[in-house]
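For the record, the sequence lines run as chains L and D.
Using the numbering used here, the letters of the first sequence correspond one by one to residues 66 to 438.
Using the numbering used here, the letters of the second sequence correspond one by one to residues 66 to 438.
For reference, the structure is listed below as structure tokens.
Protein chains: 2
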Amino acid sequence: MPFQSFNPPRRILMGPGPSDINPAVLNAMSRPVIGHLDPLFVRMMDEVKQLLQYAFQTENPFTIALSAPGSAGMEACFVNLVEPGDKVIVCINGVFGGRQLENVKRCGGIPICVEDEWGRAVNVEKVEQALKDNPDATVLSFVHAETSTGARSDAKAICALAKQYGCLSIVDAVTSLGGVELRVDEWGIDAIYSGSQKCLSCVPGLSPLSFSAAAVEKIKQRKTPVQSWFLDQSLVMQYWSGDGKRAYHHTAPVNSLYALHESLVHLHNEGLENSWARHQEQHQALASGLQALGIEFVVPEAERLPQLNTIYIPEGVDDAKVRSHLLNVYNLEIGAGLGAFAGKAWRIGLMGYAARNENVALCLAALKDALSS
Amino acid sequence: MPFQSFNPPRRILMGPGPSDINPAVLNAMSRPVIGHLDPLFVRMMDEVKQLLQYAFQTENPFTIALSAPGSAGMEACFVNLVEPGDKVIVCINGVFGGRQLENVKRCGGIPICVEDEWGRAVNVEKVEQALKDNPDATVLSFVHAETSTGARSDAKAICALAKQYGCLSIVDAVTSLGGVELRVDEWGIDAIYSGSQKCLSCVPGLSPLSFSAAAVEKIKQRKTPVQSWFLDQSLVMQYWSGDGKRAYHHTAPVNSLYALHESLVHLHNEGLENSWARHQEQHQALASGLQALGIEFVVPEAERLPQLNTIYIPEGVDDAKVRSHLLNVYNLEIGAGLGAFAGKAWRIGLMGYAARNENVALCLAALKDALSS
Chain L
66 MPFQSFNPPR RILMGPGPSD INPAVLNAMS RPVIGHLDPL FVRMMDEVKQ
116 LLQYAFQTEN PFTIALSAPG SAGMEACFVN LVEPGDKVIV CINGVFGGRQ
166 LENVKRCGGI PICVEDEWGR AVNVEKVEQA LKDNPDATVL SFVHAETSTG
216 ARSDAKAICA LAKQYGCLSI VDAVTSLGGV ELRVDEWGID AIYSGSQKCL
266 SCVPGLSPLS FSAAAVEKIK QRKTPVQSWF LDQSLVMQYW SGDGKRAYHH
316 TAPVNSLYAL HESLVHLHNE GLENSWARHQ EQHQALASGL QALGIEFVVP
366 EAERLPQLNT IYIPEGVDDA KVRSHLLNVY NLEIGAGLGA FAGKAWRIGL
416 MGYAARNENV ALCLAALKDA LSS
Chain D
66 MPFQSFNPPR RILMGPGPSD INPAVLNAMS RPVIGHLDPL FVRMMDEVKQ
116 LLQYAFQTEN PFTIALSAPG SAGMEACFVN LVEPGDKVIV CINGVFGGRQ
166 LENVKRCGGI PICVEDEWGR AVNVEKVEQA LKDNPDATVL SFVHAETSTG
216 ARSDAKAICA LAKQYGCLSI VDAVTSLGGV ELRVDEWGID AIYSGSQKCL
266 SCVPGLSPLS FSAAAVEKIK QRKTPVQSWF LDQSLVMQYW SGDGKRAYHH
316 TAPVNSLYAL HESLVHLHNE GLENSWARHQ EQHQALASGL QALGIEFVVP
366 EAERLPQLNT IYIPEGVDDA KVRSHLLNVY NLEIGAGLGA FAGKAWRIGL
416 MGYAARNENV ALCLAALKDA LSS
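What follows is the structure in structure tokens.
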């Protein structure tokens with residue numbers, strides 16, 4: 066049986082991720098591999114840490130890129146901060162809140178669910194009520210930017226409540242990091258995870274992670290060992306320590322880290338606030354165009370994520386046929402609905418390098434054509 | 066603070082991994098990102114599966130590349146196949162056997178250790194005795210190619226014993242896959258994990274994995290959920306199923322999978338037996354040269370891995386100084402000793418693309434210079 070090299074076409078990626086990538090980041094991927102304990106590589110990892118601290122707006126010394134996707138970043142937060150029997154308040158307003166719940170259960174935690182309608186933000190009053198009703202809860206988790214619905218929750222208010230009621234906060238920032246305002250230290254976030262393939266416009270496969278001093282202290286005070294060896298952050302901390310005493314843990318994904326470094330250098334050069342503003346501007350242009358096509362948004366305007374636009378599929382329109390048309394005629398990928406929204410909604414991503422004039426113009430033109438074909 | 070792109074030098078990688086890489090594999094890394102649910106990507110994943118089946122010499126339908134390093138591949142085997150209270154025989158003859166033990170404990174398994182001297186193969190008689198003494202054991206695990214010592218164990222004999230005594234076998238093939246004879250179906254291996262960055266000469270970050278029908282059945286019959294959501298292979302199986310009903314699990318590391326595909330195409334073109342023979346030939350050339358320099362091997366000849374040569378640091382020689390000389394003067398990386406061998410041994414890798422005439426010649430010349438400097 067003959068096998069040949071795989072030569073993918075150039076797609077325009079406007080789904081829920083992976084997002085369009087800066088060509089400079091792709092170039093970084095193909096730089097020569099060096100050893101993961103090479104002094105030059107260690108120095109680069111230190112820069113990745115500093116650049117992630119900037120992106121997260123934190124001075125947390127424990128700020129790293131986990132060598133696995135965002136789903137593993139999520140699990141790293143739960144397995145390290147939840148011990149069997151711990152009560153955890155979990156906010157669920159989409160697929161990824163549901164996945165947090167699954168994580169709590171698999172760690173042996175006792176979940177208290179705060180549920181909201183899909184497509185809406187987490188209700189802050191309900192969160193406060195759950196905190197009042199459960200004074201013995203130790204952790205509160207929620208999703209800042211729900212990738213399944215496009216809703217943005219008020220991370221600042223929710224984390225302030227968690228602190229007020231003595232809970233550590235775990236925040237899913239997979240789709241928010243780099244795309245909308247996010248201030249880890251100022252908002253008092255204790256544990257946060259993200260993904261490389263969304264608004265950072267890096268290749269998929271890495272999960273930026275940051276833990277506050279209180280979260281690190283909780284890990285140090287655990288009564289039971291972390292159930293995962295690979296995700297045990299007390300071991301990973303030693304691997305990422307910049308003090309020259311780096312302890313071998315696993316072989317880092319060298320080239321993917323080159324790419325993350327490069328994407329973070331670009332974010333730093335653009336400036337974080339400028340990046341947030343660019344996402345908002347491109348979203349407004351896209352939203353105007355969609356409205357002109359008579360298309361409606363799932364999420365109320367005040368709770369919308371600029372980088373992930375979830376829209377109802379117009380009545381009588383064939384979901385799969387339109388997406389195939391976009392892909393086959395225009396090399397344009399938009400996202401299908403996920404979970405409760407499967408077959409009912411599309412998700413148009415404007416993440417990172419994809420949040421550009423040319424992408425918005427193409428998307429509107431191609432969608433207009435597909436809807437009338 | 067100014068940040069700039071990271072431009073690594075071209076190193077020659079002859080440590081314990083990552084290994085030298087085929088330039089074609091690096092080129093594959095920088096191909097355009099496409100969506101992880103794109104029909105073209107799904108087709109490529111199917112090819113990766115077929116090529117891994119070839120590399121493992123198996124027809125196991127459950128043969129995948131885990132989206133994380135070999136350490137996570139190890140953990141995936143244990144968390145899926147060991148339930149709390151299960152008795153597991155673990156063979157320990159180096160660092161990675163010790164890590165298997167750690168995994169057994171964190172799954173709530175009851176470990177029975179079979180210990181051998183570092184630098185020696187696992188003793189097959191001791192394994193049989195442990196199986197006789199523990200008729201209630203359900204799993205037996207060992208390391209085929211101990212990356213910390215360079216010893217090769219008799220996987221065929223050990224797996225036959227496991228089967229005879231009714232245990233599932235878990236085999237660490239991180240350093241063996243592609244470099245020495247390995248036949249998953251013929252030898253009756255039940256669960257096997259490897260790494261992308263050793264004899265496959267791909268970038269680090271992925272873990273090839275294969276489960277036999279018996280292993281898959283064990284997962285289906287579990288009484289407790291797998292403690293890790295990310296590593297729960299009953300979910301991952303649905304993601305890798307080629308039947309068009311792919312269920313979303315996480316975002317695959319698209320570009321790293323391009324690289325793995327490319328490296329496996331090269332292995333397929335060379336032929337597996339040819340690759341094993343090439344590793345053996347280059348090892349013999351290296352061993353002759355080292356003997357001429359008066360250097361001694363740690364592992365007895367019959368138990369040596371051709372792709373990982375562990376040698377004693379000659380008396381009076383400064384470990385760090387020699388390795389720095391090799392790196393700074395020749396851009397050549399060899400490995401330090403690990404665990405019990407730290408400061409006492411070096412590890413010279415001849416893995417994948419590094420098992421070449423020019424690498425052996427350079428390594429011998431550079432080492433001769435460094436030892437006399």
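A virtual CB, placed ideally from N, CA and C, is assigned to each residue, including glycine.
As assigned by DSSP and simplified to three states, the class of residue i
i	result
I378 of chain D	coil
I413 of chain D	strand
C156 of chain L	strand
D297 of chain D	coil
F106 of chain D	helix
V364 of chain L	coil
Y258 of chain D	strand
E211 of chain D	strand
G400 of chain L	strand
A216 of chain L	strand
F143 of chain L	helix
P88 of chain D	helix
E124 of chain L	coil
R171 of chain L	helix
R343 of chain D	helix
D181 of chain L	coil
I488 of chain D	What the structure shows of chain D is the stretch from 66 to 438, and residue 488 of chain D is not part of that stretch, so it cannot be assessed.
A186 of chain L	coil
R311 of chain D	coil
V268 of chain D	coil
V204 of chain L	strand
Cutoff 6 Å; reference residue i; Cβ partners in own chain excluding five residues on either side
i	result
C428 of chain L	M79
S328 of chain D	V90, L265, S266 and C267
L117 of chain D	T128 and P273
A106 of chain D	The displayed chain sequence assigns Phe, not Ala, to residue 106 of chain D. Contacts found: I99.
D297 of chain D	V291
V208 of chain D	F161, G162 and D237
F362 of chain L	I376
Beta-carbon contacts of residue i that lie in its chain and below 8 Å, excluding the five residues immediately before and after
i	result
E182 of chain L	N158
L358 of chain D	L429, L432, K433 and L436
H326 of chain D	A93, M109, E112, V113 and L116
L226 of chain D	V189, V192, E193, L196 and L205
L391 of chain D	L397, E398, I399, A431, L432 and A435
S95 of chain L	N320
When the options are compared against residue i, the one with the closest alpha-carbon
i	options	result
L337 of chain L	L:T214, L:M109 and L:V245	L:V245
A137 of chain L	D:A324, D:C178, D:K283 and D:Q292	D:Q292
A133 of chain D	D:V249, D:V301 and D:N374	D:V301
A279 of chain L	L:G260, L:D297, L:A256 and L:L117	L:A256
R449 of chain L	L:G135, L:A186, L:V153 and L:A435	What is shown of chain L runs 66 to 438, which leaves residue 449 of chain L out entirely.
V364 of chain L	L:R185, L:A431, L:T289 and L:A324	L:R185
N424 of chain L	L:L351, L:G408 and L:I376	L:L351
S482 of chain L	D:S275, D:Q262 and D:I376	Because chain L is modelled from 66 through 438, residue 482 of chain L falls outside the range shown and cannot be assessed.
C142 of chain D	D:I284, D:V319, D:Y323 and D:Y377	D:I284
D277 of chain D	D:G260, D:I254 and D:Y119	Here residue 277 of chain D is Ser; the residue named in the question, Asp, does not match the sequence. Among D:G260, D:I254 and D:Y119, the Cα nearest to that of S277 of chain D is on D:I254.
R287 of chain D	D:V319, D:Q303, D:V144 and D:W411	D:V144
K409 of chain D	D:E380, D:Y395 and D:A420	D:E380
Cβ neighbours of residue i in the same chain (closer than 7 Å, five flanking residues each side left out)
i	result
S340 of chain D	G243 and L332
Q345 of chain L	P371
Residue-level contact to chain C via CB, residue i, 8 Å cutoff
i	result
F295 of chain L	Absent from the structure: chain C. Protein chains present are L and D.
- Task: For the stretch 324-355 of chain D, enumerate the residues whose C-beta is nearer than 9 Å to any C-beta of chain L, in chain order.
- Result: A324, H326, E327, L329, V330, H333 and N334
- Cβ contact check for the stretch 124-135 of chain D and the stretch 401-417 of chain L: 3 or more pairs under 8 Å: no
- Message: Please list, in chain order, the residues of the stretch 181-204 of chain D that have any C-beta partner in chain L closer than 9 Å.
- Response: none
- Message: Using a Cβ distance threshold of 8 Å, determine whether the stretch 400-413 of chain D contacts the stretch 69-87 of chain D, with at least three qualifying pairs required.
- Response: yes
- Message: Give me the subset of the stretch 232-258 of chain D whose CB atoms are less than 7 Å from a CB atom of chain L, sorted by chain position.
- Response: none
- Do three or more CB pairs link the stretch 140-151 of chain D to the stretch 172-180 of chain D at distances below 8 Å? yes
- Per the contact definition of three or more C-beta pairs closer than 8 Å, is the stretch 88-108 of chain L in contact with the stretch 310-320 of chain L? yes
- Chain-ordered residues of the stretch 105-126 of chain D with a beta carbon less than 7 Å from chain L: L105, M109, E112 and L116
- Query: Which residues, in order along the stretch 141-158 of chain D, keep a beta-carbon less than 7 Å from a beta-carbon of chain L?
  - Reply: none
- Query: In the stretch 91-105 of chain D, which residues sit with their C-beta less than 9 Å from some C-beta in chain L, listed in chain order?
  - Reply: L91, N92, A93, M94, S95, R96, P97, V98, I99, G100, H101, L102, D103, P104 and L105
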